[in-house]
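Trainee:
In the numbering used here, the protein residues as written are 2 to 171.
1. By Cβ distance, which residues of its chain are closer than 8 angstroms to residue 132, with the 5 residues on each side in sequence left out?
2. Buried or exposed for residue 69, please, with buried defined as at least 16 other CB atoms from any protein chain shown within 10 angstroms of its CB.
3. Helix, strand or coil: which one does DSSP assign to residue 46?
4. My parser needs the alpha helix (DSSP H) runs of 4 or more residues fully inside the segment 109-164; what are they?
5. Out of 110, 137, 115, 114, which one is the CA nearest neighbour of residue 125?
6. Kindly indicate which residue of 86, 52, 81, 160 has the alpha-carbon position closest to the one of residue 123.
7. Would you give the residue range spanned by the alpha helix (DSSP H) that residue 65 belongs to?
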């Protein structure tokens with residue numbers, strides 16, 4: 002598990018980091034909201050959600066992973082990690098191992114979104130592949146999966162995700 006000092010390798014300015022974080026949260030929210038709308042249209046099922054806040058200011062030596070959202074339906078709660086890929090889809094994608102381990106243990110799921118498609122990915126399947134690598138970009142151990150093995154589903158209405166070069170600041 003990486004510690005806080007690994008994040009010191011990030012060369013973005015504080016302003017760039019804050020802007021990217023805000024855009025990332027904006028895109029995640031669009032993805033979960035569009036997913037809920039799609040499920041309502043397809044199956045007549047309605048979900049509520051609660052956004053979770055990650056502790057970035059805590060005093061613990063290690064950051065505790067907190068899934069992005071809780072998805073609620075008929076008093077059932079599902080923990081959901083949302084990943085929105087804004088760049089060109091590569092041959093593979095990496096998921097941080099601590100996130101996968103947590104989601105497996107807590108029966109959570111990953112909503113992986115790109116501009117035209119999305120996928121619900123069960124972390125148990127990622128862990129079973131057991132293709133663990135160290136990712137310099139993420140400064141942590143990751144599970145790597147081939148993107149052509151993902152069961153993509155087309156959005157019913159394409160979310161207007163914001164690019165990270167955007168000047169979004171509100």
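Glycine included, every Cβ here is placed at the ideal spot set by N, Cα and C.
Everything numeric in this text was worked out from a predicted model, so none of it was measured.
Mentor: In short, the structure shows the following:
1. 144, 145, 146
2. buried
3. coil
4. 124-130
5. 110
6. 81
7. Here residue 65 belongs to no alpha helix (DSSP H), and DSSP marks it neither H nor E.
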